[in-house]
Amino acid sequence: MSVQIEHDKTTYEEVHPLNAIAGGKRPDPPNALASTMAFAHRALLRIKHVPEQMFDVTVFPIIFLLMFTYLFGGAIAGSTGEYLQFLLPGILVMTVSQITMYTGIDLNNDIRKGIFDRFRTLPIWLPSALVGALLVDVIRYSLASAIMIGLGLALGFRPEGGVMGVLGAVLVILLFSFSFSWIWTAAGIIMRSEKSLMMVSFLVVFPLTFVSNVFVDPSTLPSWLQGFVNINPISILATAVRGLMHGNGTWEQIGWVVVVSAIFVVIFAPLTMYLYRRKE
Amino acid sequence: MATRNVERQANGLAVEAAGLVKVYGKERAVDGVDLVIPRGTVYGFLGPNGAGKTTTIRMLATLIQPDDGSATIFGHDLKTESAAIKSRISLTGQYASIDEDLTGIENLVLISRLMGYTTKEAKLRAAELLSAFGLEQAAKRQVKKYSGGMRRRIDIAASIVVTPDLLFLDEPTTGLDPRSRNQVWEIVRALVQTGTTVLLTTQNLEEADQLADRIAVINQGKIIAEGTSSELKASVGTGTLTVQLLEAADQAQAAAILERKLSVPVHTSTDGVTLSAQAKDSSIVAEALGELGREKIGISDFSLGRPSLDEVFLTLTGQSASDQPTEEENS
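Chains as they are written, first to last, in the working numbering: chain A, 718 to 997; chain B, -19 to 311.
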């Protein structure tokens, strides 16, 4: 080991600037896994250097859960304890869906800053730039889920599905969120600024999460609204998550989440990459 | 290194383009650009903001598709062989093409890994480049805390992680202080010495003069002049004749004589003793000066300077490079 360090030190000092400048030999291009890992590493480094960005995945879930439990609990379900049983899976879905635009926002910034052009001139499998970042987003979603479930348990949430049910629910959320994020990567390329992207995502996510079965039982809604609520992807996810957490989930519910996720990826991943290559 | 050099210079062209066109809406950002850039040379794109320099570079770097025309990079067709081209070129954009939230070394390691180095090789290469660019001290600082000159250097370092055969530098010294600008010039010279072809854009006439083997003057999407720095200067005449008179009282008469002899407008300065005019060739200048002597007009000093590129630009476009509108270039 000490020999190795000595060796490195020597090479480091002996390199003449001109040789260093000219000495970049071209290796074989990285495979898809290697470039994806490099981009994932970049996203992790960004979290390390800009830790504030973790605020929404740590503090928001706590605020949301406390707020909605105590605000609506008495009015909607008669007691906060009972409402928490109903609400927690849904609000977990809502919170995680609201943080799916991270990679889209980062991509939008990359485009405006010029590093996007550098990536596009590299001999790499281009989707890895996004897949790597989206994999790190999965860590964000997991962290938000862990915090919310932990707090929920402390407040009296009792999932009948047990540990396996909760883990299964989180996995379903991760799958859905990863797929849902591709909408924001496509939008991130089209939108002119981070602000307009935030606005569009708000306009989409806000109604989607509220006009769903997250807060209320759809049978209390007017029939024309029920129709929308039932096909709303957020409702589909919330139903599956609720089922898994309460131990009465069905394969059909999970199957629908998989179908919806697949639809998102099949449409928006190729669209993103098409826009990525064509962006002027 | 030596073999690389020989091999490069032995054959042909780095860039050959014919009739490149890029249209944005109604504006023809690039309007029929032809280029021939030999390997191992520095080629300068000189022009004001919005002239089409960046758009041309982005087309050649495979980032945007031309609307018309064709080009080859090292013989590879721009339209059909972009993968092969990508493996030979590198681009340093007008704005820092690095992640400013990451440190210098993290950026270089990232790019090295994306080029195909293992993590260990990437770290070695990053350290080597930081040292060569005088950035060891700043290696572990976030790039957003770098000065303009350091940012530019780390950006160029990222572009040559794998030494490219053709490097595009888009306004590499805009906004830099003279010392940082000289450092960037040194880097460009070092790169060319090792065989890399460099295509750089600049609004700075001195920069083009200093670095470029050949220069294309570009205005409103068209190349309006092309050649070596000396050729361009020669095309607008010998240069500027400046005459200092002994007596301010002689100024009007002297100006009249020079105007008659040189057949060009003569500029008189407010100090009353300085006259200047464009001169087409030196024999006429000698005659004009002789005439001043015969009229007993005393001269304290005179000079015949070669024209600056600024004058070239003025002559070619009718406007000074710095007088041009400063709207952002389309990208």
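Each residue gets a CB set at the ideal place from its N, CA and C atoms; glycine is no exception. Values in this document were obtained by computation on a predicted structure and should not be read as measured data.
> Looking at the structure shown, is Phe54(B) part of a helix, part of a strand, or coil, going by DSSP?
Replying inline: Against the second sequence, residue 54(B) aligns to sequence position 74. It is coil, neither helix nor strand.
> Leaving out the 5 sequence neighbours to the left and right, which residues in its chain are closer than 6 angstroms to Gly867(A) when beta-carbon positions are compared?
Replying inline: Mapped onto the first sequence, residue 867(A) falls at position 150. If we look at Gly867(A) and ignore the five residues flanking it on each side, it has no Cβ neighbours.
> Taking Cβ to Cβ, would you say Gln122(B) is nearer than 8 angstroms to Thr83(B)?
Replying inline: Position 142 of the second sequence, counted from the start, is the residue given in the question as residue 122(B). Position 103 of the second sequence, counted from the start, is the residue given in the question as residue 83(B). Against a cut-off of 8 angstroms, the Cβ pair of Thr83(B) and Gln122(B) comes out as a contact.
>> With H, G and I counted as helix, E and B as strand and the rest as coil, what does DSSP make of Asn826(A)?
In response: The residue you call residue 826(A) lines up with position 109 of the first sequence. Helix, per DSSP.
> Where do the N-terminal and C-terminal ends of the alpha helix (DSSP H) with Asn736(A) fall, by residue?
Replying inline: Along the first sequence, read from residue 1 onward, the residue named residue 736(A) stands at position 19. Its alpha helix (DSSP H) spans residues Pro734 to Ala739.
> Where Lys260(B) and Gly219(B) are concerned, what is the direct C-alpha to C-alpha distance, given to the nearest angstrom?
Replying inline: The residue labelled residue 260(B) in the question sits at position 280 within the second sequence. The residue labelled residue 219(B) in the question sits at position 239 within the second sequence. In a straight line, the C-alpha of Lys260(B) is about 7 angstroms away from that of Gly219(B).
> From Thr176(B) to Ile738(A), what distance separates their C-alpha atoms?
Replying inline: Mapped onto the second sequence, residue 176(B) falls at position 196. Mapped onto the first sequence, residue 738(A) falls at position 21. Taking the straight line from one Cα to the other gives about 10 angstroms.
> Hey, quick one: how far does the alpha helix (DSSP H) through Pro18(B) stretch, first residue to last?
Replying inline: Within the second sequence, the letter at position 38 stands for residue 18(B). Segment Glu7 to Pro18 is the beta strand (DSSP E) holding Pro18(B); no alpha helix (DSSP H) there.
> Does the ligand GDP have a heavy atom nearer than 7 angstroms to the CB of Gln258(B)?
Replying inline: This structure lacks the ligand GDP, and indeed carries no ligand of any kind.
>> For Leu872(A) and Ile890(A), I'd like the C-alpha separation in whole angstroms.
In response: Translated into positions along the first sequence, residue 872(A) becomes position 155. Translated into positions along the first sequence, residue 890(A) becomes position 173. Rounded to whole angstroms, Leu872(A) to Ile890(A) spans 22 angstroms at the Cα level.
> Residues of chain A with a CB under 9 angstroms from the CB of Thr42(B): which are they?
Replying inline: Here residue 42(B) is taken as the residue at index 62 of the second sequence, counted from 1. In chain order: Arg837 and Thr838.
> By a C-beta neighbour count over all protein chains shown, 10 Å radius and 16 as the cutoff for buried, is Phe919(A) buried or exposed?
Replying inline: Within the first sequence, residue 919(A) is the residue found at index 202, counting from 1. By the neighbour-count rule (16 or more Cβ atoms within 10 Å), Phe919(A) is not buried but exposed.
>> Closer than 7 angstroms between beta carbons: that is the criterion. Which residues of the region 114 to 132 of chain B meet it against chain A?
In response: Gln122
>> What ranges does the beta strand (DSSP E) occupy inside the region 237 to 262 of chain B, keeping only unbroken runs of at least 3 residues that lie completely in it?
In response: 254 to 259
> With respect to the alpha helix (DSSP H) encompassing Leu185(B), which residues constitute its N-terminal and C-terminal limits?
Replying inline: Here residue 185(B) corresponds to residue number 205 of the second sequence, with the count starting at 1. Per DSSP, Leu185(B) belongs to the alpha helix (DSSP H) from Leu185 to Leu191.
> How many Å lie between Ile85(B) and Met908(A) at the Cα?
Replying inline: Taking the second sequence and counting its residues from 1, the one referred to as residue 85(B) is at position 105. Taking the first sequence and counting its residues from 1, the one referred to as residue 908(A) is at position 191. Cα to Cα, the separation comes out at about 31 angstroms.
> Just how far apart, CA to CA, sit Val197(B) and Glu151(B)?
Replying inline: Along the second sequence, read from residue 1 onward, the residue named residue 197(B) stands at position 217. Along the second sequence, read from residue 1 onward, the residue named residue 151(B) stands at position 171. The alpha-carbon atoms of Val197(B) and Glu151(B) are separated by roughly 14 angstroms.
>> I need the DSSP call for Glu166(B), collapsed to helix, strand or coil.
In response: As a first step, residue 166(B) must be located in the second sequence, where it is residue number 186. Here Glu166(B) sits in helix by DSSP.
> Which word fits Met95(B), buried or exposed, when buried means at least 16 other C-beta atoms lie within 10 angstroms of its C-beta?
Replying inline: Along the second sequence, one-based indexing puts residue 95(B) at 115. That one is buried.
>> Please classify Pro806(A) as buried or exposed, where buried requires at least 16 neighbouring CB atoms within 10 angstroms.
In response: In the first sequence, counting from the first residue as 1, residue 806(A) sits at position 89. By the 10 Å Cβ count, Pro806(A) comes out buried.
> Among the residues of its own chain, which have a CB less than 7 angstroms from the CB of Thr902(A), if the five just before and after it don't count?
Replying inline: Translated into positions along the first sequence, residue 902(A) becomes position 185. Here the set comprises Thr820, Gly821, Leu824, Leu847 and Thr989.
>> Can you find the residues in the same chain that come closer than 7 angstroms, C-beta to C-beta, to Leu284(B), ignoring five residues on each side of it along the sequence?
In response: Here the question's residue 284(B) lines up with position 304 in the second sequence. Contacts found: Thr218, Gly219, Leu221, Ala259, Ser262 and Val265.
>> Within 10 Å of its beta-carbon, does Met916(A) have 16 or more other beta-carbons around it, so buried, or fewer, so exposed?
In response: Position 199 of the first sequence holds residue 916(A). Counting Cβ neighbours within 10 Å, Met916(A) comes out exposed, since fewer than 16 surround it.
> Per DSSP, what kind of secondary structure is Leu843(A) in: helix, strand or coil?
Replying inline: Taking the first residue of the first sequence as position 1, residue 843(A) is located at position 126. It is coil, neither helix nor strand.
>> I want to verify the contact list: residues of chain B whose CB lies under 8 angstroms from the CB of Leu746(A), in sequence order.
In response: In the first sequence, counting from the first residue as 1, residue 746(A) sits at position 29. Checking the sequence, you will find Pro at residue 746(A) rather than Leu. Per Cβ cutoff of 8 angstroms: Ser67, Met95 and Gly96.
> Buried or exposed: Tyr993(A), going by 16 or more other Cβ atoms within 10 Å of its Cβ?
Replying inline: To locate residue 993(A), count along the first sequence from 1; it is residue 276. The residue in question, Tyr993(A), is buried, as its Cβ has 16 or more Cβ neighbours within 10 Å.
> On the three-state DSSP scale, how would you describe Asp230(B)?
Replying inline: On the second sequence, residue 230(B) is found 250 positions in, with the first residue counted as 1. Correct three-state label for Asp230(B): helix.
>> Does the structure place the region 23 to 30 of chain B close enough to the region 46 to 55 of chain B that three or more beta carbon pairs sit under 8 angstroms?
In response: no
>> Cβ closer than 8 angstroms: which chain B residues qualify as neighbours of Val767(A)?
In response: Counted from its first residue, the first sequence places residue 767(A) at position 50. Residues of chain B passing the Cβ test: Asp81.
>> Please classify Thr(-17)(B) as buried or exposed, where buried requires at least 16 neighbouring CB atoms within 10 angstroms.
In response: On the second sequence, position 3 is the one that residue -17(B) refers to. For Thr(-17)(B), the predicted model reports a pLDDT of 43, less than 50, meaning its position is unreliable; a value from the coordinates is still stated below. Burial call: exposed.
> With 16 other CB atoms within 10 Å as the buried threshold, where does Thr182(B) fall?
Replying inline: As a position in the second sequence, residue 182(B) is number 202, starting the count at 1. It counts as buried.
> Does any CB atom of chain B fall closer than 8 angstroms to the CB of Ser752(A)?
Replying inline: Counting from 1 along the first sequence, the entry for residue 752(A) is found at position 35. Taking Cβ atoms only, chain B reaches closer than 8 angstroms to Ser752(A), which makes this a yes.
>> Buried or exposed for Ile951(A), going by 16 or more other Cβ atoms inside 10 Å?
In response: Numbered from 1 along the first sequence, position 234 holds the residue referred to as residue 951(A). Ile951(A) should be labelled buried.
> What three-state label does DSSP hand Tyr787(A) in the structure shown?
Replying inline: On the first sequence, position 70 is the one that residue 787(A) refers to. It is helical.
>> Once DSSP output is grouped into helix, strand and coil, what is the label at Tyr97(B)?
In response: Translated into positions along the second sequence, residue 97(B) becomes position 117. Coil at Tyr97(B), not helix or strand.
>> Against Tyr23(B), what residues of chain A qualify as contacts under a CB-to-CB distance less than 9 angstroms, listed in chain order?
In response: Taking the second sequence and counting its residues from 1, the one referred to as residue 23(B) is at position 43. Simply none; closest approach about 18 angstroms.
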